[in-house]
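Numbering (the UniProt record's numbering), first residue to last: 1 to 264.
Here is the structure we will look at, set down as structure tokens.
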Ligand SMILES: Nc1ncnc2c1ncn2[C@@H]1O[C@H](COP(=O)(O)OP(=O)(O)OP(=O)(O)O)[C@@H](O)[C@H]1O
């Protein structure tokens, strides 16, 4: 288990956001994390990353309770995860290559030549052309910015990446390409992915398991089939709504044999 959260409580003043929340993230899986707007998905993500205090419960990442860890242990954990936040994914005053080098400079002691070499590899890994290296974020398309942000999240060869709505703002083709990239990284690097998303296409196509946040806790977690069978008003309307039906129908159409199939 990569992440094991048990009985997590988070409040701001008297306002309880998360209460007795439990969640598991397994090695090598893409976990999609969904829930109504304002339910606390970002709060949980920030709490896992130690950016937010919690009032109760435990969260272990790589078997280490980050919130209780020594500075030294914290550093070792931070080197093993990568994060792509929805906002401010890149530093606008730095080129793509310089952005990717930021975590390397912070956590590693590498020569400029080796750093440049590793940066080239990361740029390849996320499917960007090498000439993106010297461009500034303002010169990139939305999809390229997401890929560059992902390259920076992958800078230290993490075991898990946390992605906060990575496909928001992308057109459907760009979003599908990004999902495909994530799946390829899972399959080739064994990367684990924790993805907060509202994107039903991602949930249906890319995620191995889904967790739903509601009523201040994880209501249900498991494969898509479990979501589809789960009896809760929000879960039902989300996974059986009009938009979801379109995807299910499209997939069913795509999977249907063509009339000529089997004729030969
Ligand atoms: N630092 C903070 N201080 C006080 N309240 C906060 C703080 N951070 C978040 N909240 C509150 O916690 C609740 C959950 O917010 P959060 O951003 O986690 O929701 P979300 O599920 O990520 O929503 P969305 O899908 O819209 O991004 C909101 O009511 C928000 O106002």
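Cβ atoms here follow ideal geometry from the backbone N, Cα and C, with glycine treated the same way.
Could you name the residues of the same chain whose beta carbon sits closer than 6 Å to that of residue 160, not counting the 5 residues immediately before and after it, in chain order?
2, 81, 192
Go through its chain and collect everything with a Cβ distance to residue 15's Cβ below 6 Å, but skip five positions before and after it.
Excluding residues within five positions, none has a Cβ falling inside 6 Å.
Nearest CA to the CA of residue 158: which residue from 22, 61, 197, 71?
61
With a threshold of 7 Å on Cβ separation, who are the neighbours of residue 153 within its own chain once the five nearest residues in sequence on each side are excluded?
If the five residues before and after residue 153 are omitted, its C-beta is found closer than 7 Å to the C-beta atoms of 82, 83, 84, 161, all from its own chain and listed in chain order.
So what's residue 174 in DSSP terms, helix, strand or just coil?
helix
Euclidean distance between Cα positions of residue 26 and residue 242
Spanning the two alpha carbons is a distance of roughly 31 Å.
Is any non-hydrogen atom of ligand 1 found closer than 6 Å to the C-beta of residue 266, if you look at the structure I gave you?
Look at the range of the chain in this structure, 1 to 264, and you will see that residue 266 is not part of it.
What's the gap between the Cα of residue 200 and the Cα of residue 220?
17 Å
By the three-class DSSP mapping on this structure, what secondary structure does residue 187 have?
helix
Measuring alpha carbon to alpha carbon, tell me which of 197, 202, 194 ends up nearest residue 177.
The candidate whose alpha carbon is nearest that of residue 177 is 202.
Quick one, are the C-beta atoms of residue 96 and residue 132 less than 7 Å apart?
yes
Give the DSSP-derived three-state secondary structure of residue 159 in the structure shown.
The answer is coil: DSSP assigns residue 159 none of H, G, I, E or B.
Looking at residue 43 and ligand 1, is the gap between the Cβ and the nearest heavy atom below 6 Å?
yes
Contact set for residue 115: own chain, Cβ-Cβ below 7 Å, skip 5 residues either direction:
Here the set comprises 101, 104.
Do residue 92 and residue 166 have their beta-carbon atoms positioned less than 7 Å apart in this structure?
no
Length of the line joining the Cα atoms of residue 245 and residue 239:
8 Å
Return yes when the C-beta of residue 155 is under 6 Å from any heavy atom of ligand 1, and no when it is not.
Not under cutoff, so the answer is no.
Residue from 20, 11, 48 whose Cα sits closest to the Cα of residue 196
48
From this set, 216, 63, 212, which residue's C-alpha is nearest residue 226's C-alpha?
212
Within 10 angstroms of the Cβ of residue 75, are there 16 or more other Cβ atoms? Answer buried if so, exposed if not.
exposed
With a Cβ-Cβ cutoff of 7 Å, do residue 79 and residue 156 count as a contact?
yes
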